Amino acid sequence: MHRPTPAHPPLARPTLAFAFDPERYDGALDSHDLGRLASIADILDDAPMQTYRDARAERLLAQADILVTGWRAPLLDTAALAQAPRLRLVGHLAATVKQFLPEEVWERGIQVTAAVNAVALPVVEFTLAAITFAGKRAFAQSQRYRQHREIAYSGRTTHDCGLLGKTVGIVGASRVGLRVLERLQAYDVEVLVYDPFLAREHAIALGAEKVDSLDDMIGRCDILSVHAPITDETINMLDARRLALLKDGATLINTARGILIDHAALVRELVSGRICASLDVTHPEPLPPDSPLFDLPNVFLTPHIAGPQGSERKRMLTAIVNDIERYVAGKPLLGQIARASLARIG
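Each residue of the sequence shown is one higher than the one before, starting from 1 at the first, in the UniProt record's numbering.
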């Protein structure tokens, strides 16, 4: 397949600068990967920029062929881009680039890569654990055990436990959603997926049934897992009407973004006890201290930990260094963010 020639051909030994909040990456930048980076690029300054508006930033931007950005990086706006005439590649040590990079970056022919796969992997693992625990009714069983301090194998507590034969619905064939679909093929469950951009043939290849109506899919699911990006169309996509379509006893899992679900409507459903939820993200985030979600027995809350934590964060630099090596070698980038995909990513 013919690949378009980049506006700027790769350099044999590029210059490189950093821009991110160093506190967010404390312990995440592996010395081996930093050494690999230094072997293929001239690092202009080890300290990352946190603004593009001072003399140091002006000097670094003027010399940088590659900019490695990350969490809390400043916006690479028109003024900053004007100071970076040599810039050819941006490597982002996270997944979401839209709030850091305007479309002008792509208009200039600058290539963009992000650690999307490194960020996705732990979210996939967390989601699969949540699906498994939901099928086992693990959290309800744990609370019952703590309360009664005895093991009761009555049909009332166990007849609906287990994943066998359950229907799992995936909302959004994002990088995380697709990987969850791939791994669910090893489970004895029926898998449904809703995503207007996913080809039916692709869904079939992943062992899933593509459902054209989100409403229809919601009503069929025992477990519904949300993986959609934030767009105008997806904000509050799970509103009161759609939440009411969930089966009694169904479990809603959200490891994507809290704003995809109407929070007030979700609270009402959960307070009623009709459904269960495993929520790693909420809107607002964090929840107010008096939120009823903290005390509900049918809600499992975690503080936005599905993404890279601790040692998992090291994968992000590994991914970006891998792509910088590929860039220098003239190979396609594994984490490349195409301009055409911006409208569909969060």
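Cβ atoms here follow ideal geometry from the backbone N, Cα and C, with glycine treated the same way. Since this is a predicted model, take the numbers as computed values, not measurements.
Counting only runs of 4 or more residues that sit fully inside the region 70 to 155, the alpha helix (DSSP H) segments are 78 to 82, 104 to 107, 116 to 136 and 138 to 148, in chain order. If you ignore the 5 residues before and after L334, its C-beta comes within less than 8 Å of the C-beta of T113, N117, A319, N322, D323 and R326, all in its own chain and listed in chain order.
Here the alpha carbons of G177 and S225 stand approximately 9 Å from one another. Secondary structure of A19 (DSSP, three-state): strand.
Contact between A228 and T234 is confirmed by a C-beta separation of about 5 Å, below the 8 Å threshold.
For R257, the CB contacts under 6 Å within the same chain, skipping 5 residues up- and downstream, are I230 and V281 in chain order. In this structure L238 is in contact with D262, their Cβ atoms being roughly 7 Å apart against a cut-off of 8 Å.
Counting only runs of 4 or more residues that sit fully inside the region 268 to 327, no alpha helix (DSSP H) segment turns up. Cβ atoms of L67 and L87 come within 8 Å of each other, at about 6 Å. For L252, the enclosing beta strand (DSSP E) covers residues T251 to N254. D195 is positioned such that its CB atom lies no closer than 8 Å to that of G169.
The DSSP-derived three-state label of Q63 is helix. For A250, the number of other beta carbons within 10 angstroms of its own is at least 16, and it is reported as buried. Per the C-alpha coordinates, the member of C276, D21 and E285 positioned closest to H92 is D21. For I170, the enclosing beta strand (DSSP E) covers residues T167 to V171.
Between D42 and V328, the alpha-carbon positions lie close to 12 Å from each other.
Distance between K247 and R339, taken at the CA atoms: about 39 Å. By the C-beta criterion, the region 70 to 79 is judged not to be in contact with the region 285 to 304, since fewer than 3 inter-stretch pairs fall below 8 Å. Distance between W71 and A55, taken at the CA atoms: about 22 Å.
The continuous beta strand (DSSP E) containing L224 extends over residues I223 to V226. For L192, the uninterrupted beta strand (DSSP E) segment begins and ends at E190 to Y194.
Leaving aside the five residues that flank G162 on each side, the residues in its chain whose CB is nearer than 8 Å to its CB run, in chain order, G135 and K136. Going by DSSP, V180 is part of the alpha helix (DSSP H) stretching over R175 to L184. The C-alpha of Y52 lies about 15 Å from the C-alpha of L16. 8 Å or more divides the Cβ of K166 from the Cβ of I110. Here D26 is exposed: its Cβ has fewer than 16 other Cβ atoms, across all protein chains shown, within 10 Å. L37: member of the alpha helix (DSSP H) spanning S31 to I40, first to last residue.
Taken atom to atom, the span from the alpha-carbon of H283 to that of S213 is near 25 Å.
The beta-carbon distance between E104 and L81, rounded to whole angstroms, is 6 Å. This is short enough to meet the 8 Å contact definition.
Looking from the CA of A244, the closest CA among E269, A199 and R146 belongs to E269. The shortest C-alpha to C-alpha distance from F18 to any of L44, F197 and P48 is the one to P48. One Cα belongs to V267, the other to Q83, and the distance between them is close to 48 Å. One Cα belongs to V189, the other to L181, and the distance between them is close to 11 Å.
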